[in-house]
Amino acid sequence: MTDPIIKFDKVVKRFGDLTVLDELDFEVQKGEKVSIIGPSGSGKSTVLRILMTLEQIDGGIVAVGGEPLWHEPGPNGLQPASEAHLRKMRAQLGMVFQQFNLFPHMSVLRNITEAPVRVLGLSKVEARERGEELLELVGLADQADKYPHQLSGGQQQRVGIARALAMRPSILLFDEPTSALDPELVGEVLTVIGRLAEEHDLTMLLVTHEMRFAREISDRVCFFDKGQIREEGTPEALFTDPNEERTREFLKAVLD
Amino acid sequence: MLFGFEWDLSNPLAFAISILPILLIGMWVTIQATVVGFFVALVLGLIFAILKSAPSRFIAWPARLVTEFIRDTPLLVQLFFLYYVLPEYGIVLPAFMTGALALGLQYSAYTSEVYRAGIEAVGRDQHEAARALNLPSARTFTHIVVPQAIPRIVPAMGNYLVSIMKDVPVLSVVTVLEMLNVAKIIGDRTFNYLIPLSMVGGLYLIMTLVASAGVRLLDRYLPKQGLPLK
Amino acid sequence: MHWTEYLPSLMQGAWVTVQLTLYSTLLGAAAAFVFGIGKLSRNWALRGVSIAYIEVFRGTSLLVQLFWLYFALPLAGNAIGIDLRLPPVLAGVLALGLNIGAYGAEVVRGAIQAVHSDQHEAARALNFTERQTLFRITIPQAIPEMMPSFGNLAVQNLKDTALVSLISLGDLTFRAEQIRNFTQESTTIYTMLLFMYFGMALVVTAIMRLLERFAGRWRVAGS
């Protein structure tokens with residue numbers, strides 16, 4: 001069995017007095033598509049944010065691609081990671097945000113090409129080609145020169161996906177990608193995510209409330225509750241016949 | 257010698273200590289000019305605010321033009337204007353009053369905006385609620401709008417108070433013996449500008465810090481929703 | 487003398503005023519960015535210097551600063567053996583620029599802090615360095631927020647230039663004073679003076695509005 005591409009080992013995360021992640025153990029294999037569901041405050045988004053280095057951890061080890069993320073090897077064993085180490089690790093990850101977080105002062109194409117040029121060192125021509133390909137992929141080829149505020153929420157989120165993909169991450173994180181969208185715009189985004197899941201080898205972690213979608217595309221579904229994984233399994237197993245009472249309660253409330 | 261105090265030129269520290277009382281007398285003039293100027297700005301500003309929101313265009317527009325004009329022209333020039341032109345029309349004021357008047361006039365352009373914004377911030381719904389309850393509009397104004405507007409305008413007015421204080425030295429050109437003028441006189445007579453001017457800078461920093469802290473304190477003690485009325 | 491005969495001299499003074507305003511506003515803008523960003527720096531030395539600069543130049547009177555630079559600085563220079571006598575022009579531009587820069591620094595700082603943390607998170611996710619994030623993501627979004635306040639500061643700066651007449655610099659106010667001393671026609675002179683400053687202020691305001699529109703053009707693109 002190969003090393004998991006993501007491994008949480010007794011990870012603790014506190015916000016003030018509140019313990020959001022309580023010695024969490026969590027693994028994801030390379031190429032797996034994992035959906036994370038659960039009530040708000042259960043720590044689902046926190047897991048993603050820790051991976052994307054947006055939040056530090058208070059205990060335990062997070063490993064990405066076999067190497068520790070928030071720690072690095074030092075003279076006396078593991079020590080807190082330097083910015084250089086974080087940047088190296090971060091290159092494997094990409095994130096799609098609930099509020100899209102596009103750069104409002106840049107055109108759609110520029111949003112997608114800016115990081116490849118400035119961070120990866122691509123030439124403007126190469127970045128532009130990559131950007132146009134990705135816009136095709138997400139169905140927005142003709143919007144390249146528009147600005148974010150001129151696009152609908154669904155279109156902005158698709159740009160967000162393209163922007164994350166432009167950095168060629170091996171792991172793509174989706175933090176409630178459709179929760180901020182009007183209902184009729186949700187479909188177009190889910191279609192893109194679905195296609196990505198099908199056609200690419202990417203490891204995908206998806207925090208979502210869209211249960212039907214999670215069921216369709218996931219290899220595994222994890223039900224999070226109070227900072228722990230309450231139950232996990234294949235979509236069929238979890239959705240049709242959950243073992244835990246709490247899982248049953250949640251699914252009943254959400255799917256009604 | 258100034259104001260009855262001799263200065264001691266033997267060494268820098270002795271010099272500094274000996275001129276401190278003189279500078280403090282100047283500081284007292286500065287404080288007085290600030291307070292009077294602020295008072296004038298509050299009163300004139302209120303008048304302008306009322307004129308600017310008059311229903312008749314023939315009153316509101318000229319008022320707006322005048323305040324814009326005052327706002328966009330230098331205090332120094334306005335001061336010169338009042339100091340040299342008023343006597344030609346028979347109005348002779350002591351220099352201090354002319355100075356305070358100039359300060360008040362310049363800042364009334366700013367305070368009138370603060371009044372207007374403060375009243376507007378209280379919100380139309382308050383007016384509507386009052387009207388629904390059938391309160392007469394004068395009463396609406398004094399008992400509902402004003403108590404809520406006051407906490408909102410205190411921070412901005414407080415900042416203008418501090419700004420006025422920093423503009424007082426301009427009055428030195430019409431011989432008002434505020435702190436900078438005093439320091440300059442000492443410098444002119446002893447050829448040592450460095451110590452008096454540096455001390456004035458330091459004293460100003462202290463005054464600004466105290467005044468700003470005072471404004472913040474006042475702001476903290478005022479209930480945000482409005483002055484309580486029994 | 488008819489008032490029109492004062493114009494040539496006054497116009498020369500106005501030209502000096504315009505140049506003073508221009509140079510000191512540029513200096514002020516530079517100082518505003520350096521110290522506004524500096525105040526947000528993680529480097530405690532840079533942060534300390536920025537805070538000190540802002541507090542000193544905002545907490546003391548402009549005229550005091552001007553007089554200090556013109557009268558006191560040379561004496562300090564004497565004490566340490568360097569010639570620090572500043573020509574009135576330099577003292578004027580420095581005092582005005584540093585003064586307005588301190589106010590500008592707070593505007594810059596405020597605008598930068600107002601940029602939503604979501605933007606920083608997105609930049610971080612894309613692996614931009616902190617410096618790249620500051621200059622390519624944060625500052626471009628902060629600039630349109632700064633412009634209205636910068637407009638006010640520019641007009642304030644124009645008004646403040648009148649103070650340099652007190653160190654015998656030949657600006658508009660100085661020229662006016664010269665003429666008044668000679669002719670005693672206070673009402674005419676000062677009225678002209680007020681209107682000339684008002685006119686210049688309107689021009690400055692118009693220019694700043696144009697700059698504001700230019701800086702925020704991405705906000706209204708396509709509409």
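Just so you know, the protein sequences line up as chains L, G and B, in that order.
According to the numbering used here, the residues represented by the first sequence are 1 to 256, in order.
According to the numbering used here, the residues represented by the second sequence are 257 to 486, in order.
According to the numbering used here, the residues represented by the third sequence are 487 to 709, in order.
For glycine and all other residues, C-beta sits at the position ideal for the given N, C-alpha and C.
Note that the structure is predicted; figures quoted are calculated from it, not measured.
Bridge partners of residue i, per DSSP?
{"i": "L:Q73", "result": "In the sequence as presented, Gln is not what sits at residue 73 of chain L; that position holds Pro. According to DSSP, which records beta bridges pairwise, L:P73 is partnered with L:L78."}
{"i": "L:P68", "result": "L:A63"}
{"i": "L:G94", "result": "L:L172"}
{"i": "L:E27", "result": "L:K7"}
{"i": "L:K44", "result": "According to DSSP, which records beta bridges pairwise, L:K44 is partnered with nothing at all."}
{"i": "L:K13", "result": "L:L21"}
{"i": "G:F261", "result": "G:L258"}
Between which two residues does the beta strand (DSSP E) harbouring residue i extend?
{"i": "L:Q228", "result": "Q228 to G233"}
{"i": "L:G160", "result": "Here L:G160 belongs to no beta strand (DSSP E); instead the alpha helix (DSSP H) covers G153 to L165."}
{"i": "B:L582", "result": "First-last for B:L582: P574 to A600, but that is the alpha helix (DSSP H), not the beta strand (DSSP E)."}
{"i": "G:E434", "result": "No beta strand (DSSP E) holds G:E434; DSSP gives it neither H nor E."}
{"i": "L:M204", "result": "T203 to V207"}
{"i": "L:I36", "result": "K33 to I37"}
{"i": "B:D569", "result": "Careful: B:D569 lies outside any beta strand (DSSP E) and carries neither H nor E."}
{"i": "L:V221", "result": "R220 to D225"}
Counting along the chain, where does the alpha helix (DSSP H) carrying residue i start and finish?
{"i": "G:I458", "result": "The amino acid occupying residue 458 of chain G in the given sequence is Gly; Ile does not appear at that position. That run of the alpha helix (DSSP H) goes L450 to Y477."}
{"i": "B:R695", "result": "S672 to A701"}
{"i": "B:F660", "result": "L658 to T669"}
{"i": "B:I625", "result": "I625 to D646"}
{"i": "G:V402", "result": "V402 to D423"}
{"i": "G:Y340", "result": "L331 to V341"}
{"i": "B:Y509", "result": "L493 to G524"}
{"i": "G:A266", "result": "One detail in the question is off: residue 266 of chain G reads as Ser in this sequence, not Ala. Careful: G:S266 lies outside any alpha helix (DSSP H) and carries neither H nor E."}
{"i": "L:P301", "result": "What is shown of chain L runs 1 to 256, which leaves residue 301 of chain L out entirely."}
{"i": "L:L137", "result": "K124 to L137"}
{"i": "B:F553", "result": "L548 to F553"}
Name, please, each residue of chain G whose Cβ falls closer than 9 Å to the Cβ of residue i.
{"i": "B:F553", "result": "P425, L436, A439, K440, G443, Y449, L453 and V456"}
Can you pull the chain B residues whose beta carbon is under 9 Å from the beta carbon of residue i, in chain order?
{"i": "L:L122", "result": "Neighbours of L:L122 on chain B: none; closest Cβ ~13 Å, over 9 Å."}
{"i": "G:L344", "result": "Looking at the sequence provided, one finds Glu at residue 344 of chain G rather than Leu. Here the neighbours are S672 and T673."}
{"i": "L:V119", "result": "L612, N613, F614, T615 and Q618"}
List, in chain order, every chain B residue whose beta-carbon is nearer than 7 Å to that of residue i.
{"i": "L:R90", "result": "N613"}
{"i": "L:P177", "result": "Going along chain B, no residue has its Cβ under 7 Å from L:P177, so there is no contact; the nearest lies around 13 Å."}
{"i": "G:L291", "result": "Here residue 291 of chain G is Val; the residue named in the question, Leu, does not match the sequence. Result: empty, since nearest Cβ-Cβ is about 16 Å, beyond 7 Å."}
{"i": "L:H71", "result": "Within 7 Å Cβ-Cβ: nothing; L:H71 doesn't reach chain B, min ~19 Å."}
{"i": "G:Y460", "result": "G545, T546, S547 and V550"}
{"i": "G:T431", "result": "Simply none; closest approach about 13 Å."}
For a contact defined as C-beta to C-beta under 8 Å, what are the partners of residue i on chain G?
{"i": "B:L526", "result": "Within 8 Å Cβ-Cβ: nothing; B:L526 doesn't reach chain G, min ~21 Å."}
{"i": "B:Y676", "result": "V333, F336, F337, Y340 and V341"}
{"i": "B:V542", "result": "G457 and L461"}
{"i": "B:F684", "result": "F325, D328 and T329"}
For residue i, which residues in chain L fall below 9 Å Cβ to Cβ?
{"i": "B:E607", "result": "R49, M52, L54, M95, F97 and N101"}
{"i": "B:W704", "result": "P104, H105, M106, S107, Y147 and H149"}
Tell me whether the beta-carbon of residue i lies closer than 8 Å to the beta-carbon of residue j.
{"i": "B:T624", "j": "B:V593", "result": "no"}
{"i": "G:G301", "j": "G:Y371", "result": "yes"}
{"i": "G:L338", "j": "G:L357", "result": "yes"}
{"i": "G:I326", "j": "G:A365", "result": "yes"}
{"i": "L:A115", "j": "L:M167", "result": "yes"}
{"i": "L:L48", "j": "L:L173", "result": "yes"}
{"i": "G:T290", "j": "G:M421", "result": "yes"}
{"i": "L:D9", "j": "L:G60", "result": "yes"}
{"i": "G:G282", "j": "G:M463", "result": "no"}
{"i": "G:Y340", "j": "B:S651", "result": "no"}
{"i": "G:L461", "j": "B:G545", "result": "yes"}
{"i": "L:Q157", "j": "L:P183", "result": "no"}
Quick one: list the residues of chain G neighbouring residue i, beta-carbon separation under 7 Å, in chain order.
{"i": "B:A648", "result": "P330, L332 and V333"}
{"i": "B:F557", "result": "G443, Y449 and L453"}
{"i": "B:F521", "result": "Within chain G, no residue comes near B:F521; the closest Cβ sits about 17 Å away, beyond 7 Å."}
Give the interface partners of residue i over in chain L, defined as CB-CB distance under 7 Å, in chain order.
{"i": "B:P626", "result": "H105"}
{"i": "B:I623", "result": "F103"}
Taking C-beta pairs closer than 8 Å, name the residues in chain B that residue i reaches, listed in chain order.
{"i": "G:F352", "result": "Those do not exist, as G:F352 stays about 17 Å from chain B at its closest Cβ, beyond 8 Å."}
Just the chain L side, please: which residues come within less than 8 Å of residue i by C-beta, in chain order?
{"i": "B:D604", "result": "F97, Q99 and N101"}
Taking only beta-carbon positions, decide if residue i is within less than 8 Å of chain C.
{"i": "B:V641", "result": "Of the chains in the structure shown, none is chain C; the protein chains are L, G and B."}
Q. Does the segment 498-506 of chain B come close enough to the segment 625-642 of chain B that 3 or more CB-CB pairs lie under 8 Å?
A. no
If you pair each beta-carbon of the segment 550-570 of chain B with each one of the segment 678-693 of chain B, do three or more pairs fall below 8 Å? no
- request: Mind the definition here: the segment 231-246 of chain L touches the segment 212-221 of chain L only if three or more C-beta pairs lie below 8 Å; say whether that holds.
  value: yes
Segment contact, 8 Å Cβ cut-off, at least three pairs: the segment 469-476 of chain G with the segment 576-584 of chain B
no
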